[in-house]
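Counting in my numbering, the sequence shown runs from 36 upward without gaps. No residue lacks a Cβ here, since even glycine has one placed at the ideal position from N, Cα and C. Heads up: the structure comes next, in structure tokens.
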Amino acid sequence: MIFQQLTPMRDCGLRIADCGLRIWKSEIGTCALMVILVTAVGGYTQSRPSKPTLIRDTATAEGKEEADAKEKEKVLSPLEAEKNLKVGDFYFKKKNYSAAIQRYLQALQHQPNLIRAYESLGKAYEKNGEHSKALNVYKDFLQKYPDSPKAPDFRSRISDLEKKSG
């Protein structure tokens, strides 16, 4: 056999931990190691899936369907709404009311019937000094959900804001 005829030149000190084999430095050993590495790397690159490519349908309107799908995705995402609501609450506590307002608006985009988002948005507008926008939020909520359990609270806020401005 070929291995019996080879005499190792010296131990290079590398060990393969799993099987305890030593790699000997020799011309054939080095070539065999290179072949193993190239084969392993080649097999790895061939087994990786290729990146998907986006194919546009030119017969449809310019991205209209994609925009509609994204809009539906925003509306039908209660987890995203809850996340934005919590981040908005964080900004509100830090007195960064404009950032809180943006997060509450995003929460309402993801879940338009989220009562707490309306309430928090109105409060953030009030704290930010934008009383007319707070009034609009409260009135908008009452138009959409007049029988809500929170409706009396929103009505009292509206009357308080109208007294302040009037």
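Start-to-end residues for the alpha helix (DSSP H) that takes in residue i
i: residue 199; result: 186-200
i: residue 113; result: 113-128
i: residue 164; result: Here residue 164 belongs to no alpha helix (DSSP H), and DSSP marks it neither H nor E.
i: residue 139; result: 132-145
Same chain, Cβ closer than 8 Å to residue i, five either side skipped, listed in chain order
i: residue 175; result: 153
i: residue 20; result: In the structure displayed, the chain extends from 36 to 201; residue 20 sits before or after that span and is not available.
i: residue 182; result: none
i: residue 129; result: none
7 Å CB neighbourhood of residue i in its chain, flanking five on each side removed
i: residue 173; result: 157, 189, 192, 193
i: residue 162; result: 132
i: residue 200; result: 166
i: residue 123; result: 135, 138, 139, 142, 155
Alpha-carbon spacing of residue i relative to residue j, whole angstroms
i: residue 94; j: residue 169; result: Here the model assigns residue 94 a pLDDT of 49, short of 50, so the residue's position is not dependable and the matter cannot be decided.
i: residue 136; j: residue 165; result: 11 Å
i: residue 180; j: residue 171; result: 14 Å
i: residue 144; j: residue 198; result: 30 Å
i: residue 125; j: residue 150; result: 18 Å
i: residue 177; j: residue 113; result: 22 Å
i: residue 184; j: residue 119; result: 23 Å
i: residue 195; j: residue 148; result: 24 Å
Check whether residue i and residue j have beta carbons under 7 Å apart
i: residue 146; j: residue 186; result: no
Chain-order list of residues whose beta-carbon lies under 6 Å from that of residue i (same chain, five-residue window excluded)
i: residue 80; result: Summary for residue 80: the model assigns pLDDT 48, below 50, so the residue's position carries little reliability; its value from the coordinates is reported in the next sentence. Taken in chain order, the list of residues that qualify is empty.
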